[in-house]
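First up is the structure itself, then whatever we jot down about it.
Protein chains: 2
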Amino acid sequence: MLKIFSFRSLAITTHFADRLFLASQNKAPVCVGIDPVFEKMPAKLRDQTDPNCAAEVIALFEEFTINVLQAAANHAACVKFQSACFERYHHLGVDLLQRMLKLANEMGLITINDAKRGDIGISAAHYGAGCLGRTHYSDLGTHPGADSLTCNAYLGEDSLQPLLDVAAKEGKGLFALVRTSNPGGDTIQNLVLAEGHTVCQAVATMIAELGEQSIGDCGYSHLGAVVGATQPDQAVNLRVLMPRQIFLVPGFGAQGGGPEDVKACFNDDHFGAIITASRSVIYAYQTDPNKNWAQAIDDAAEDLSQQIQSILKG
Amino acid sequence: MLKIFSFRSLAITTHFADRLFLASQNKAPVCVGIDPVFEKMPAKLRDQTDPNCAAEVIALFEEFTINVLQAAANHAACVKFQSACFERYHHLGVDLLQRMLKLANEMGLITINDAKRGDIGISAAHYGAGCLGRTHYSDLGTHPGADSLTCNAYLGEDSLQPLLDVAAKEGKGLFALVRTSNPGGDTIQNLVLAEGHTVCQAVATMIAELGEQSIGDCGYSHLGAVVGATQPDQAVNLRVLMPRQIFLVPGFGAQGGGPEDVKACFNDDHFGAIITASRSVIYAYQTDPNKNWAQAIDDAAEDLSQQIQSILKG
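Chains as they are written, first to last, in the working numbering: chain B, 4 to 317; chain R, 4 to 317.
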């Protein structure tokens, strides 16, 4: 009986949606996207670095990322790592990503590995174990993995199930790509089906059904959805189809989404969405070269947080 | 074994499709899939390995993979690495994958990184550089990267363009997921559109158009398609929609596709498809425990090659 009781009480705090709900209340429902690119690094760091030496670039990325994490810890519920930026530097980049995921957790941040994985069967299970699961090896030590992972749903529900199993077991989450904000996103996602819905609406329906497997006390699922913030009508419609999905909303700031686009993604509880901004925060020093670069990032993260909070109040 | 070296010049062989065409003529249009999983490794290797030490598992995978590459080099045009199996072991696995891609090239094999990547804008460019492109760093040395990469087309044509740019520049290729062989593949891919086609047929049309950017002398594009081998009617239809795409066809053997399913994927030139088998080849020793494990893999690769050649002749 004691075991059941502790499991239940533990489950209340460990469900991914509940953790994200709490963090959003404590700070703001915003996410800082970490997409380090050598050419865009602060000149002071870049000038000391040989771009042809991967270890030097990775050391630069580490110093940069630690500062971004500090800014995010001050103002945001979570951080999203763009896996491609790290994978580009092969094993050195992958090692840094794992270490930064761990550090972000230690700084109180919820992490998203924006790796957009999607595979079937045992391969999906491997992605679940490698990208999302906690790992312990005698030589590598313990790594928490990411708290959540972005994933591609084109391969169908059985491609997501192995990831959902890891997520449910470890109090972690997924964000399935439903509607993306790039110009070419329309080509497949906006095709109209014979039954009247669009393709992305069919994906949304599949995600809503799959997400019923695990709903937190806050009313949201461990399976969320990536929904671009550039078309408010579509966001309203997808909100109806996916009432229990937390929307991860890129496209605010640099990609062009504005306040009304963002508001459409939230529910009446002022939750149900996490607004993510990458370039407009982490490269904020580019528009204000006189400011200390780390301070510029912190200011931009604070500004993002305040903008979203005032949109929600308005 | 059939060995026909054709008249084609060096310049011609640098297009990915032409390289694959030649390799398929020299050996057979088959691919050995390398999906190493600790629990399935030969008992002799596994018993010497501590599964809790990542470096020991990776050393085991290296010995295993080298033997698989030798078998593939004897009988197959190419090898396909399941990235998830390597990524599971974090930076150690990613490092091994890079080294094995290089070794496979040195053994005369064309490589496919089955990583199913898909992202937009600069992130897609990073995947192109990191997964597909040649790299040189003063500390990491030169790596050829993969000759080709599997990718997900749900995000639309602009998500594929940065990958296509790398492929065109470096004589490499892509295989976009069109129709997968898993049971849940139907859920999105087989939905019927208002205009009459299915979603995967719309993806196929997009892929065929994009692939026109770069056609080799053999008549095929650097942009191929993943088409599961379990529904011959669909394969025939997709062949019509994508006449210039090389089909990467999983599902032969372990996943249930048979000769007729496979035949439907080829064109009259006996090319246009690469049949890939993973478990039925690399774990062949499981069904014949008295045979030396490396010999069992070689025999299974030879058997696969002969089966496909006789299907093409029949």
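Where is the CB? At the ideal position from N, CA and C, for every residue including glycine.
Predicted, not measured: the structure shown is a model, and the values here were computed from it.
So is residue i in contact with chain B if we call contact Cβ pairs under 7 Å?
{"i": "E160 of chain R", "result": "yes"}
{"i": "E90 of chain R", "result": "yes"}
{"i": "Y140 of chain R", "result": "yes"}
{"i": "A179 of chain R", "result": "no"}
{"i": "Y286 of chain R", "result": "no"}
{"i": "N155 of chain R", "result": "yes"}
{"i": "I249 of chain R", "result": "no"}
{"i": "G214 of chain R", "result": "no"}
{"i": "N150 of chain R", "result": "Inspection of the sequence shows that residue 150 of chain R is occupied by Asp rather than by Asn. So, not an interface residue."}
{"i": "H129 of chain R", "result": "yes"}
{"i": "S126 of chain R", "result": "yes"}
{"i": "T183 of chain R", "result": "yes"}
{"i": "Q85 of chain R", "result": "yes"}
{"i": "L5 of chain R", "result": "A caution first: L5 of chain R carries a pLDDT of 34, below 50, which makes its placement in the model unreliable, though a value can still be read off. Judged by the 7 Å Cβ criterion, L5 of chain R is not in contact with chain B."}
{"i": "K47 of chain R", "result": "no"}
{"i": "L241 of chain R", "result": "no"}
{"i": "A79 of chain R", "result": "no"}
{"i": "I115 of chain R", "result": "no"}
Can you grab the Cα-Cα spacing for the pair residue i / residue j, in whole Å?
{"i": "A118 of chain B", "j": "Q312 of chain R", "result": "38 Å"}
{"i": "L194 of chain B", "j": "V195 of chain R", "result": "10 Å"}
{"i": "D302 of chain B", "j": "F41 of chain R", "result": "48 Å"}
{"i": "Q190 of chain B", "j": "L166 of chain R", "result": "Here residue 190 of chain B turns out to be Thr, not Gln, going by the sequence shown. The alpha-carbon atoms of T190 of chain B and L166 of chain R are separated by roughly 18 Å."}
{"i": "P213 of chain B", "j": "P39 of chain R", "result": "Correcting the residue identity first, residue 213 of chain B is Leu in this sequence and not Pro. Taking the straight line from one Cα to the other gives about 29 Å."}
{"i": "I61 of chain B", "j": "E90 of chain B", "result": "11 Å"}
{"i": "T208 of chain R", "j": "M245 of chain R", "result": "7 Å"}
{"i": "S224 of chain B", "j": "V169 of chain B", "result": "14 Å"}
{"i": "V202 of chain R", "j": "A205 of chain B", "result": "11 Å"}
{"i": "G136 of chain B", "j": "G121 of chain B", "result": "16 Å"}
{"i": "A171 of chain R", "j": "C134 of chain R", "result": "15 Å"}
{"i": "A31 of chain B", "j": "A211 of chain R", "result": "45 Å"}
{"i": "D272 of chain R", "j": "D150 of chain R", "result": "23 Å"}
{"i": "Q73 of chain B", "j": "D161 of chain R", "result": "34 Å"}
{"i": "T17 of chain B", "j": "Q216 of chain B", "result": "15 Å"}
{"i": "G148 of chain B", "j": "H94 of chain B", "result": "16 Å"}
{"i": "K294 of chain R", "j": "E66 of chain B", "result": "53 Å"}
{"i": "K6 of chain B", "j": "K47 of chain R", "result": "Low confidence applies here, because K6 of chain B scores a pLDDT of 34, under 50, leaving its location unreliable; read the following figure in that light. Each residue's alpha carbon lies about 41 Å from the other."}
Quick check: residue i and residue j, are their CB atoms within less than 7 Å of each other?
{"i": "A57 of chain R", "j": "Y140 of chain B", "result": "yes"}
{"i": "L63 of chain R", "j": "V82 of chain R", "result": "no"}
{"i": "H146 of chain B", "j": "C88 of chain R", "result": "no"}
{"i": "M103 of chain B", "j": "T68 of chain B", "result": "yes"}
{"i": "Y178 of chain B", "j": "G227 of chain B", "result": "Going by the sequence as given, residue 178 of chain B is Phe instead of Tyr. The answer is yes: Cβ separation under 7 Å."}
{"i": "N116 of chain R", "j": "L152 of chain R", "result": "yes"}
{"i": "A280 of chain R", "j": "C268 of chain R", "result": "no"}
{"i": "Q85 of chain R", "j": "S126 of chain B", "result": "yes"}
{"i": "V252 of chain B", "j": "I285 of chain B", "result": "no"}
{"i": "Y157 of chain B", "j": "N155 of chain R", "result": "yes"}
{"i": "V35 of chain R", "j": "A76 of chain R", "result": "no"}
{"i": "G159 of chain B", "j": "G187 of chain R", "result": "yes"}
{"i": "F255 of chain B", "j": "V265 of chain B", "result": "yes"}
{"i": "D53 of chain B", "j": "E59 of chain B", "result": "yes"}
{"i": "A297 of chain B", "j": "N29 of chain B", "result": "no"}
Can you check DSSP and say which residues form a bridge with residue i?
{"i": "R247 of chain B", "result": "R247 of chain B pairs with nothing; no bridge assigned."}
{"i": "V35 of chain B", "result": "B:V82 and B:A280"}
{"i": "G227 of chain R", "result": "R:F178"}
{"i": "V252 of chain B", "result": "B:I278"}
{"i": "I113 of chain R", "result": "R:C81"}
{"i": "L196 of chain B", "result": "R:L196"}
{"i": "I311 of chain R", "result": "DSSP lists no partner for I311 of chain R."}
{"i": "T201 of chain R", "result": "R:V195"}
{"i": "I218 of chain B", "result": "B:S224"}
Under a CB-based cut-off of 7 Å, is residue i close to chain R?
{"i": "C56 of chain B", "result": "yes"}
{"i": "V97 of chain B", "result": "yes"}
{"i": "Q237 of chain B", "result": "no"}
{"i": "P292 of chain B", "result": "no"}
{"i": "M209 of chain B", "result": "yes"}
{"i": "Q280 of chain B", "result": "One detail in the question is off: residue 280 of chain B reads as Ala in this sequence, not Gln. By this cut-off, A280 of chain B is not an interface position."}
{"i": "K119 of chain B", "result": "yes"}
At a CB-CB cut-off below 9 Å, which residues of chain A make contact with residue i?
{"i": "Q101 of chain B", "result": "The structure shown contains no chain A; its protein chains are B and R."}
Any beta strand (DSSP E) of 3 or more consecutive residues that is wholly inside the stretch 120–194 of chain R: If only complete runs of 3 or more residues are kept, the stretch 120–194 of chain R shows the beta strand (DSSP E) at 138–140, 144–146, 151–155 and 176–182, in order along the chain.
Complete runs of the beta strand (DSSP E) confined to the stretch 42–103 of chain R [at least 3 residues]: Runs of the beta strand (DSSP E) inside the stretch 42–103 of chain R: 81–85.
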